[in-house]
């Protein structure tokens with residue numbers, strides 16, 4: 189996609205490099221906070237990002253109907269009863 193700026197020049201809004209989602213998110217973290225961690229920290233962050241993306245993919249695989257409600261349990265507080 190291209191945009192035209194105020195001077196009439198075309199600006200490309202396409203990414204200059206293609207990244208896998210985990211690499212793109214890691215690149216963002218490194219660009220903004222890279223001075224705060226070393227290579228070992230970076231690997232831990234990468235693993236966390238990959239785990240989060242895998243979880244998001246798994247959630248997307250669950251088919252829900254519009255009427256499906258959250259699966260949570262409720263129990264009223266009854267004081268100090270066991």
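Residue numbers (our numbering): 189 to 270. Idealized CB from N, CA, C, for every residue including glycine.
Simplified DSSP assignment, three categories, for residue i
i           : result
residue 240 : helix
residue 209 : helix
residue 261 : coil
residue 230 : helix
residue 224 : helix
residue 219 : helix
residue 246 : helix
residue 251 : coil
Minimum C-alpha distance to residue i - residue among the options
i           : options            : result
residue 239 : 267, 213, 266, 268 : 213
residue 231 : 218, 267, 242      : 218
Inter-residue CB distance, residue i and residue j (contact presumed, cutoff 8 angstroms)
i           : j           : result
residue 234 : residue 215 : Actually they do not touch by this definition, with Cβ atoms about 11 angstroms apart.
Minimum Cβ-Cβ distance from residue i to chain D less than 8 angstroms
i           : result
residue 218 : The structure shown has no chain D; it contains just one protein chain.
Inset, instruction - Count the CB pairs spanning the region 258 to 268 and the region 233 to 250 that are closer than 8 angstroms, and state whether there are at least three. - result: Contact between the region 258 to 268 and the region 233 to 250 is absent: fewer than three C-beta pairs spanning the two stretches fall below 8 angstroms.
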